[in-house]
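Protein chains in written order, with our numbering: chain A, 1 to 311; chain B, 1001 to 1353; chain C, 2001 to 2495. Each residue gets a CB set at the ideal place from its N, CA and C atoms; glycine is no exception.
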Amino acid sequence: MKVAQATTAVRLRRLSALPVIVLIVILAVVLGFSSPYALASQNLINILNQQVSLILVTVGQVMVILTAGLDLSVGSVVSMTTAIVSHDIPFAVPLAIAAALSVGLVNAIGILRFGVHPILMTLSTMTAVQGIALFVRPIPGGQVPAWMSTYASSVFFGLPLPVICAIVVVIVAGAIISRSRFGLHLMATGASQDSALLGGVNTNRVILIAYLLSSFFACLGGLNLAARLASGDPLVGSSFAIDSIAATALGGTQLSGGLGGITGPVTGVLFLALLGNGLNLLNISTYYQMIIKGALLILAVSAHRRSQPGL
Amino acid sequence: MKLKQILLAGTMLLAFAAGPALAEVPELNSALSPVAGSPMVDVPASKKEKFVLGFSNISVVNTWRVQMVEELKYEASLHPEISEMIVSDAGGDVNRQVSDIESLITRGVDAILVAPGSEVALNGALDKAYDAGIPVIIFSSNATPKNYTVKLLADDAQFGRDGAKYLAEALGGKGNVISIRGISGNSIDNDRWRGVEEVFADHPDIKVIDEGFGDWAYDKGKQVCESLLIAHPDVQGIWSSGGAMTQACAEVAEENGLPLIPMTGEANNGFLRIWKEKNLESVAPISPTWFGQQGVIAALRVLEGAPIAKDNLVNPAPITKDQIDEFYRPDLNDSYWVGSTLPDDKLKEMYGK
Amino acid sequence: MLLEAQDITKSFGPVQALSGVSLRLKPGSVHAVLGENGAGKSTLMKIISGVYSPTSGTLRVGGEDVDWYRAEQARAAGISTIFQEFILLPNLSVAENLFLGREPRTAFGLIDRARMREESRSILEGVGLDLDPEVLTGSLRVAEQQMVEIAKGVMRDARIFVFDEPTAALGDREAQKLFDLIRRLQSEGKGILYISHRLPELFELCDEVTVLKDGQFAGHFMMKDTNSDELVTTMVGRSLDQLYPPRRPADAAGEPVLELRDVVVEGLSGPVNLTVGRKEIVGLAGLEGQGQIEITRAIYEGHTLVSGEILFEGKAFDHSGPAGGINAGIGLIPEDRKAEGLFLSLSVARNISAGLLPGKGLAAAAPTAKREIAEQVERLRIRLRSVGQSIGELSGGNQQKALLARWLVRGVKLLICEEPTRGVDIGAKSEIYALLRELADSGVPVLVTSRELPELIGLCDRIVVVRDGATVAEFRGAESSEEKIMAAAIEGAHA
């Protein structure tokens, strides 16, 4: 029977997260044996809390990558957000959100209206927004509203509030991507804009929303980071673009668009963090850590290539 | 792997060293002096005989930081009372450094040493450590938590002042100057530049007519210098935020047939070599790498209950042209930061040609 | 009247794609639109389905004037279009594709997968497809995908259905299912616009036909009152019996150039025995997916053989990939022209000179072969503005000729043509047939595969029937018939 052996679409999407899930399990086992401290719950919570911002940014990045785009400007948006909210001005937070959304809007206009390649478009806004961040706050410092510091240091049921928020965001985003109409339209647009358009998907709107969401989530990441660091830093986000893309790819979401989900990329973030933390605990030098990370990234990403009929 | 052996050797030594607290409590480097009006640290000595120290480093992004961390590890290996020296590196990410510090707190180390990546971002985590009763030793760059145990700082503005004073003198208090700065927005660069501005404020006839950011790197510095020197071939002096960029400027000047005007440098071996070879008119402010070593000593003094001031500042005098041979090490390569406390074999291993 | 198009004109800049075209569609009728590629059929269909808006003229649906500019609006007015290009997304499941753009939702606003699955199942059954709706669309066969595409178009609650060359990728069995479906729509009183190049199926299916030529109305006939000759003459100004080149005598084959001896290709049962003579055109016939493509690719790319040998000019040759076949002197025009043959974004010249790519040479200049390209463009009468034009802008027939030119510029000793006239209009078809004949006469034999039996019968000197990866029968072109070939293809009986 032909039907029995064929891959179902939902299964394929789930499978895309498999390699990194396997990797993280292996890593956990290895670390558990080699350092008694590695899997201590307090250590794991520390790692989670540290990764909240990157997880938020990655959620947005995934949306864009599913449309076969790429958003390099997320790191600058993170920096700009921390720069804005660390100033003692009224409506700092709404202002930061509005600024971030306008970056997403500019990205989408450049890509949709003027046909600029996503990499070039977001590379340009990345540079420009970095400039804005430096302009707004040339030197790290400043102060965030008191409620933000309270948010960052609150703990409920043993979990820091930022971690709880991240879990909620990931669940909601996961539902949007895998269960909502918009999610399906992201996949359709990413596989072929022309076909999706003929199939009744308003691809321009899908892409616009994807870039807006990416900037919005980057802004959330920036707010969380500013709260955690209780200050603004115009360069603090510089690694976020690359890290979020690496985690997305590691999590089995295709950079060519149209295939993936949220579980893989979030697991990818946690994997990279756990790896860094574990290697630190094992007293392995930073240089070796970078080599190991690069090698694992190649390994994990190449493991995805085979499970893809029709793409 | 060598480091691990050294650490191991340290631990083994410790096994043989019988009896508590026989070793002398080490003294701080005499170049460090208490800030005027600083209180003494008032913390009861630890009752433990062996200590676990934790060090949270922001990054090993350049050789200065690498050497600083090596000096810290080496010093730790000399003291049998230190049973473990945990070193974590945040890879330049302050967000990760917060977690690293939290992680050291949960591991229950006896003292936390921190080379902060931000003046403000780590404050929450450092307060948490202090509140948990862990001595917090901040060194090399500043952080501003509510409470801390000891600070060992260099005044980065002094680096700028040293260079600017030299330029003012060399130019006779009058002339046009360009500045080659580090990374835009970086606090060290900002502080150094603040020092320059302070000095030049007293010399109104010295004008900074243009500036560029060379990211402290040789290649970027060379591009920046090239465009600045070609735009202003008649400048009389160059202030530089780092030695590699000064080297680049000297080469640009030579390649374009421009005179080797006074330009400020930095106390690393590569710059001293160029200084000597090209017979530059220059001065080399020092930012000591032995901060790492001093951090360990400060932690030990706190834990052993030996007297130590809360706030300490280092102000080494800059190296002048007639002192080059005292500091220059022709047997080591360009990356070596002069004035190290590391033993010779360790230096040869790191910087051997 | 369900649909009336009156004096429709459409120009793209200076190019007049349609001028003064009219068409009337009655409920319960299947109305064919016939014309060469470039005659304006697709433009007319796109105007009717709302992709383009006309420059002038009126469009009336159900008696009301419409003025729309988006596919959405046409769809809302009850027009469902099944496009020629595949618009299914390979990364989605069949059900997701079927419901794309109007997914059923649960009370929470999320997609109701269970309902989608159930409804998909019954829709697929409606078109005679026994498929799991959750299966990944990209893993389906081409014909199955086309049927899903059709199901997607037909499931819409529409009054007018537009089919743009729906049978181009279908085997005979699926085509019959499609015809049943269209007859059912017809009996429900829907109006159907049907575009196809295959004249026989128009006679089988349609009531009336509108013929377009060069963007203009060329004629309207009731199917029962007309015949193939009249339609072809109206369409191209030339009659049908001139479509294929004259036959060559039986003994003109010449010495064998390609020999397959007891070849068993990996994954097929085999064996294949096949000879192609110096001056021959040989056809591979068979039902859909019986191994024709695997055999041509084994010759060209060197797929792993379980046993047997492939001899080219009496010798075995290097078989480590397409470069091996090319270096031995074999050219291939692939079945899927756009995906495997052309570099759509590159110029015509680059596409033609691509045949010169295989070989080593970091230091050697990239081949340009300007003069040779110009010669072939003229010889093959490729219609273009300049050789620097993007090949994606050419019609199917001219694209196919450019692929032919690629191998002529290189100078091959054997040409393999998979589906030589897929998506090619009749005018270009006869030109391509003549070119292939000319090539064979000049000593470059041609091996052809085709789904269209009349094409194989009309063109080939010999037809070899493939069934389940094995050669089972052989006919001389002049003596074969569709019935004989089908019998062999189904039963595998040796003639």
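So, helix, strand or coil for residue i, using DSSP?
i        : result
L1022(B) : Annotation note: pLDDT 46 at L1022(B) (below 50); position unreliable, coordinate value reported separately. The answer is coil: DSSP assigns L1022(B) none of H, G, I, E or B.
C2417(C) : strand
T1289(B) : coil
G2458(C) : helix
T82(A)   : helix
P160(A)  : strand
T1320(B) : coil
V106(A)  : helix
A2032(C) : strand
E2313(C) : coil
G2020(C) : strand
V1338(B) : coil
L2131(C) : coil
E1211(B) : strand
E2103(C) : coil
Is residue i buried or exposed, if buried means 16 or more other CB atoms sit within 10 Å of its CB?
i        : result
Y2052(C) : buried
E1277(B) : exposed
L1022(B) : At L1022(B) the pLDDT is 46, less than 50, meaning the model places this residue with poor confidence; the figure from the coordinates comes in the next sentence. Burial call: exposed.
M1(A)    : Annotation note: pLDDT 33 at M1(A) (below 50); position unreliable, coordinate value reported separately. Result: exposed.
K1146(B) : exposed
P1330(B) : exposed
W147(A)  : exposed
F1051(B) : buried
A9(A)    : buried
H117(A)  : exposed
E2335(C) : buried
A4(A)    : Its pLDDT being 39, under 50, A4(A) is placed unreliably by the model, and the measurement read from it follows with that caveat. It counts as exposed.
N1315(B) : exposed
A2032(C) : buried
A2493(C) : Residue confidence for A2493(C) is low, a pLDDT of 45 falling below 50, so the modelled location carries little weight; the figure read from the coordinates is stated next. Its Cβ having fewer than 16 others within 10 Å, A2493(C) is exposed.
D2172(C) : exposed
For the beta strand (DSSP E) containing residue i, list its first residue and its last residue.
i        : result
P2256(C) : 2256–2265
P1034(B) : 1032–1034
A1284(B) : Unbroken run through A1284(B): none, as it is neither H nor E.
Q2216(C) : 2216–2222
L2060(C) : Just to set this straight, residue 2060(C) is Arg in the shown sequence, not Leu. Unbroken beta strand (DSSP E) run through R2060(C): 2056–2061.
I2079(C) : 2079–2082
S2139(C) : From DSSP, S2139(C) is part of no beta strand (DSSP E); its letter is neither H nor E.
Y2194(C) : 2191–2195
V1087(B) : 1082–1089
V10(A)   : From DSSP, V10(A) is part of no beta strand (DSSP E) but of the alpha helix (DSSP H) over 9–15.
Q2006(C) : 2003–2012
At which residues does the alpha helix (DSSP H) containing residue i begin and terminate?
i        : result
D1127(B) : 1123–1131
Q2145(C) : 2142–2154
I2182(C) : 2172–2187
F216(A)  : 203–229
R2476(C) : Element bounds for R2476(C): not the alpha helix (DSSP H) but the beta strand (DSSP E), 2470–2476.
T1063(B) : 1063–1078
Compare the C-beta of residue i with all C-beta atoms of chain F and state if any pair is closer than 8 Å.
i        : result
I2150(C) : No chain F is present in this structure, whose protein chains are A, B and C.
What are the residues in the region 176–198 of chain A lying within 7 Å of chain C by C-beta distance? R179, S180, R181, L184, M187, A188, A191, S192, S195, A196, L198
For the region 230–264 of chain A, which residues have a CB atom closer than 7 Å to at least one CB atom of chain B, in sequence order? A230, S231, D233, P234, L235, V236, S239
Secondary structure, alpha helix (DSSP H): runs of 4+ residues fully inside the region 1114–1193 of chain B: 1123–1131, 1156–1170
If contact means a Cβ-Cβ distance below 8 Å, which residues of the region 2039–2050 of chain C contact chain A? none
Taking beta-carbon pairs under 9 Å, can you tell me which members of the region 102–135 of chain A lie near chain B? A133, L134
To be precise: take each residue of the region 54–67 of chain A, compare its Cβ to all Cβ atoms of chain B, and keep it if any distance is under 7 Å. Which residues remain? none
Those runs of the beta strand (DSSP E) which lie wholly inside the region 1219–1290 of chain B and span at least 3 residues: 1237–1240
Which runs of the alpha helix (DSSP H) spanning at least 4 residues fall entirely within the region 2394–2438 of chain C, listed in chain order? 2396–2410
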